[in-house]
């Protein structure tokens, strides 16, 4: 499909989403009514309201406006024997997205894969079944109205046994799997398939407050990191340099600010001993945990080097932030912290395809291959060599 045809489908999809927003929300309300016992973070992911529909429409329109990555010439060479050699970007082919709870993935992840020239196989969670089926119906309406095959987007409405067979035996000829969900889902897919993966890994993101930090700024950054609880770019751990002037008063102020947001504050031995309201941690395992809840952990470190070591040992490799007035300290932190996104004086909540100018994202990869960080339109391609000759032999 050429770029003009892709964009025509996306324009129609955006209009259909707007025209049928009440039906989308109604289907989602039925899904919510069918779900009992979902925790707060999962319910946040499942719920679709007018704001989320607006977000879907904005993602479609932004992806439409971004240049098509398919067919770009990455390298060319005139061979001495008279052949023309080119390396061009090409689609992966069939991308299988397996995801939990979030119906907006059905639009926002799929549009990037579609614009890059891929066919999309969607396997959403049963808790969002009605929402997903309705959104795929809108995908099909957009494709058919533009004289394109509805096979560009396929929803796999299958049970657990069929899904397991899909993953193990590649029953739908997928060329790439992107699992979006918790560690359980990701580890299961990784252990039971030979299909290449792009892993949207866990968060467990850290903020390090250096001894020269603007503390008011640091508090704002930490609070913003907990402004949504169910997202992988939320802040879970805060490391504070023990040489920060007025340490006791500042830690107390941060604790009060978090408590006022109904965040449960946990602390290492140093923090919990000095503040009675802070819950003391019992073991080191909590440093590895991605909370996805109204919890945060505060700890003291000796220096920047110690903070970097802690982050590299315990984080999910997603995002890390340093708050400092020192460009030298920031540069060391950003070079040495082994995360996909490393920040100086900014919130981890910015690790997002839309915030990075991708329009929509399909995942945030914590792998180092194929790409790292937010995966959007420009990363959903691979490459192939095209050689044109006139009978040359070597």
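Residue numbers (the working numbering): 109 to 502.
Glycine is no exception: its CB is placed at the ideal position from the N, C-alpha and C atoms.
Figure out for me which residue from the options has the closest Cα to the Cα of residue i.
| i | options | result |
| --- | --- | --- |
| residue 445 | 456, 429, 458, 433 | 429 |
| residue 164 | 300, 110, 133 | 133 |
| residue 125 | 243, 358, 177, 482 | 243 |
| residue 465 | 432, 491, 158, 173 | 173 |
| residue 151 | 385, 386, 209 | 209 |
| residue 136 | 160, 116, 385 | 160 |
| residue 462 | 300, 477, 481 | 481 |
| residue 439 | 412, 354, 219 | 412 |
| residue 291 | 273, 310, 143 | 310 |
| residue 226 | 501, 487, 495, 499 | 487 |
| residue 395 | 214, 374, 361 | 374 |
| residue 237 | 257, 402, 349, 138 | 138 |
| residue 321 | 340, 354, 339 | 354 |
| residue 339 | 498, 258, 143, 289 | 289 |
| residue 111 | 176, 156, 130, 154 | 176 |
| residue 367 | 221, 489, 330, 397 | 330 |
| residue 475 | 200, 448, 456 | 448 |
| residue 469 | 201, 269, 348, 308 | 308 |
| residue 420 | 364, 187, 483, 315 | 315 |
| residue 199 | 190, 189, 193, 222 | 222 |
Specify, as a first and last residue, the run of the alpha helix (DSSP H) that residue i falls within.
| i | result |
| --- | --- |
| residue 308 | Run containing residue 308: none; DSSP gives neither H nor E here. |
| residue 386 | Run containing residue 386: none; DSSP gives neither H nor E here. |
| residue 187 | First-last for residue 187: undefined, no H or E at that position. |
| residue 292 | 291-299 |
| residue 248 | 237-253 |
| residue 160 | 158-173 |
| residue 420 | 412-422 |
| residue 131 | 129-142 |
| residue 268 | 268-277 |
| residue 329 | 323-333 |
| residue 363 | 355-368 |
| residue 223 | 213-223 |
| residue 469 | Element bounds for residue 469: n/a, residue is neither H nor E. |
Using 10 angstroms around the beta-carbon of residue i, count the other beta-carbons present and answer buried if the total reaches 16, otherwise exposed.
| i | result |
| --- | --- |
| residue 390 | exposed |
| residue 109 | buried |
| residue 178 | buried |
| residue 393 | exposed |
| residue 494 | exposed |
| residue 333 | buried |
| residue 185 | exposed |
| residue 502 | exposed |
| residue 499 | exposed |
| residue 497 | exposed |
| residue 130 | exposed |
| residue 336 | exposed |
| residue 298 | exposed |
| residue 427 | buried |
| residue 153 | buried |
Between residue i and the rest of its own chain, which residues show a CB-CB distance below 7 Å, the 5 nearest in sequence each way excluded?
| i | result |
| --- | --- |
| residue 323 | 358 |
| residue 182 | 195, 196, 197, 491 |
| residue 379 | 359, 386, 406, 407, 408 |
| residue 121 | 168, 246, 247, 250 |
| residue 117 | 250, 251, 254, 256 |
| residue 351 | 319 |
What residues in its chain sit with their C-beta under 6 Å from that of residue i, if we drop five residues either side in the sequence?
| i | result |
| --- | --- |
| residue 369 | none |
| residue 276 | 300 |
| residue 232 | 207, 240 |
| residue 212 | 160, 164 |
| residue 371 | 334, 402, 404 |
Rounded to the nearest angstrom, how far is the Cβ of residue i from that of residue j, given a contact under 8 Å?
| i | j | result |
| --- | --- | --- |
| residue 424 | residue 312 | 4 Å |
| residue 343 | residue 404 | 7 Å |
| residue 262 | residue 230 | 7 Å |
| residue 286 | residue 471 | 5 Å |
| residue 485 | residue 224 | 6 Å |
For the beta strand (DSSP E) containing residue i, list its first residue and its last residue.
| i | result |
| --- | --- |
| residue 288 | 284-288 |
| residue 206 | 202-207 |
| residue 261 | 261-263 |
| residue 433 | It is not in any beta strand (DSSP E) - residue 433 carries neither H nor E in the DSSP assignment. |
Once the 5 residues before and after residue i are set aside, which same chain residues still bring their CB inside 8 Å of it?
| i | result |
| --- | --- |
| residue 364 | none |
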